[in-house]
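K.L.:
Here you go, one structure.
Chains as they are written, first to last, in my numbering: chain S, 2 to 210; chain R, 16 to 167.
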């Protein structure tokens, strides 16, 4: 009887250690998965992680699913981020110039006070939808590591183009941004053409102020 | 009797609202900064100089100056940044496991040690060895002889 109890105790102890080890491995793998950004950087076109977040520009929430059928520019930002201030005018102009073509720019404010974010929106006269990711859960699923970062979602809800780390308003990021907008807006079958065409031949030259 | 009742009165009176508190009851900003985490660098606010950490420190001082209590300020920051802003997990929901595991582990360890100590202390002299087999008489006789020779 004592021998059996000892065996059960040993089995329980080993089971507990294995369970804790499994938990550790799961956590490490989860943290290093890199979210959707890692898949995008690996050349895949993963579905854009869904979200439904509180709006800052008006009451209610905005879900990514509600934008299906439109091209979407997702811009992660915070009011204390200096490059976010530099790129805000370009994002606003992109939104104004391309609404008729079916483009939506969505600003996802995170790691920020709502009041500060609203003041930022007023200061730069932003009229595109702004949402607040208070818990930062959307940041994790997209693999955002800093601000600003920008993603492009096509009309079928897939991430396309390059995800842009840093401000979109200068250097190679500006070319990536133009291409990303065209890929997001492209209808089925047009995506390859948008990718192949160099930025200087893109039809929407007025994206750049 | 009256003295006993009077001595209990302070304990029975509910705490005054934070907004009506005196300076002595106000939370210490340094204590709060050690209990809250900067969302960008994941260290406590007192160890961070990130822009958002500086903004949060300013918010804490402004709220304390306005008379807000510790719990109120923490709740407001959780509302803005989520529960991860707390350096220690809340004692509810899934986060309760973070408290339950160490305490449960300690309690389980104490029970196991206690049981082992009790088992060892109650094993009587002359009791059969742990494997339950009695000692061979011939082996026992030789052992006694060897011991007698060693002691003699």
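Glycine is no exception: its CB is placed at the ideal position from the N, C-alpha and C atoms.
Got a sec? Which residues, its chain only, sit under 8 angstroms from residue 39 (chain S) by beta carbon, not counting five neighbours each side?
P.N.:
For the purposes of this step, residue 39 (chain S) is taken as residue 38 along the first chain, with counting starting at 1. Here the set comprises 144.
K.L.:
Chain S beta carbons: is any one of them nearer than 8 angstroms to that of residue 67 (chain R)?
P.N.:
Working through the second chain from its first residue, we reach residue 67 (chain R) at position 52. Closer than 8 angstroms to some Cβ of chain S, the Cβ of residue 67 (chain R) qualifies, so yes.
K.L.:
Compare the C-beta of residue 70 (chain R) against all C-beta atoms of chain S and say whether one is closer than 8 angstroms.
P.N.:
In the second chain, residue 70 (chain R) corresponds to position 55, counting from 1. Chain S contact via Cβ: present.
K.L.:
Would the region 99-106 of chain S and the region 44-58 of chain R be scored as touching if the rule is three or more Cβ pairs under 8 angstroms?
P.N.:
Result no; under three Cβ-Cβ pairs closer than 8 angstroms.
K.L.:
Taking only beta carbons into account, state which residues of the region 109-128 of chain R come closer than 7 angstroms to chain S, listed in chain order.
P.N.:
Here the close residues number zero.
K.L.:
In chain S, what lies closer than 7 angstroms to residue 54 (chain R) by C-beta?
P.N.:
The residue labelled residue 54 (chain R) in the question sits at position 39 within the second chain. Per Cβ cutoff of 7 angstroms: 112 and 137.
K.L.:
Which residues mark the beginning and the end of the beta strand (DSSP E) in which residue 165 (chain S) is found?
P.N.:
Taking the first residue of the first chain as 1, we reach residue 165 (chain S) at position 164. Unbroken beta strand (DSSP E) run through residue 165 (chain S): 160-166.
K.L.:
Closest Cβ-Cβ distance between residue 83 (chain R) and chain S: below 8 angstroms?
P.N.:
As a first step, residue 83 (chain R) is located in the second chain; it is residue number 68 there, counting from the start. Judged by the 8 angstroms Cβ criterion, residue 83 (chain R) is not in contact with chain S.
K.L.:
For residue 104 (chain R), which residues in the same chain have their Cβ closer than 6 angstroms to its Cβ, ignoring the five residues on either side in sequence?
P.N.:
As a working mapping, residue 104 (chain R) is identified with position 89 in the second chain. Result list for residue 104 (chain R): 110 and 113, in chain order.
K.L.:
Can you tell me whether residue 30 (chain R) is helix, strand or coil according to DSSP?
P.N.:
Walking along the second chain from the start, residue 30 (chain R) turns up at place 15. With a pLDDT of only 42 at residue 30 (chain R), under 50, the local geometry of the prediction cannot be trusted, and no value is derived from it.
K.L.:
Pull the bridge partners of residue 76 (chain S) from the DSSP assignment, please.
P.N.:
The count along the first chain starts at 1 and reaches residue 76 (chain S) at position 75. Paired residues: S:108 and S:151.
K.L.:
Going by DSSP in three states, residue 58 (chain S) sits in which element: helix, strand or coil?
P.N.:
Counting from one through the first chain, the residue named residue 58 (chain S) turns up at place 57. Coil at residue 58 (chain S), not helix or strand.
K.L.:
Helix, strand or coil for residue 169 (chain S)? Go by DSSP, reduced to three states.
P.N.:
Along the first chain, read from residue 1 onward, the residue named residue 169 (chain S) stands at position 168. Looking at residue 169 (chain S) - three-state DSSP - the assignment turns out to be coil, as it is neither helix nor strand.
K.L.:
Which of helix, strand or coil does DSSP assign to residue 1 (chain S)?
P.N.:
The question about residue 1 (chain S) has no answer here: the residues shown for chain S are numbered 2 through 210.
K.L.:
I want to see whether chain R comes within less than 8 angstroms of residue 117 (chain S), judged by CB atoms only; does it?
P.N.:
On the first chain, residue 117 (chain S) is found 116 positions in, with the first residue counted as 1. Yes, residue 117 (chain S) lies at the interface with chain R (some Cβ there is under 8 angstroms from its Cβ).
K.L.:
Would you be able to state if there are at least three C-beta pairs under 8 angstroms between the region 48-59 of chain S and the region 154-163 of chain S?
P.N.:
Short answer: they touch.
K.L.:
Roughly how many angstroms lie between the CA atoms of residue 112 (chain S) and residue 70 (chain S), to the nearest whole one?
P.N.:
By one-based count along the first chain, residue 112 (chain S) stands at place 111. By one-based count along the first chain, residue 70 (chain S) stands at place 69. Approximately 29 angstroms between the Cα atoms of the pair.
K.L.:
Under 8 angstroms between C-beta atoms, does residue 78 (chain S) make it to chain R?
P.N.:
By one-based count along the first chain, residue 78 (chain S) stands at place 77. False, the Cβ-Cβ gap to chain R never drops below 8 angstroms.
K.L.:
Which partner residues of residue 59 (chain R) appear in the DSSP bridge assignment?
P.N.:
Translated into positions along the second chain, residue 59 (chain R) becomes position 44. In the DSSP output, where bridge partners are listed per residue, residue 59 (chain R) has R:52.
K.L.:
Please determine if the region 135-150 of chain S and the region 119-132 of chain R are in contact, where contact requires at least 3 C-beta pairs separated by less than 8 angstroms.
P.N.:
Cβ pair count under 8 angstroms is below three, so no.
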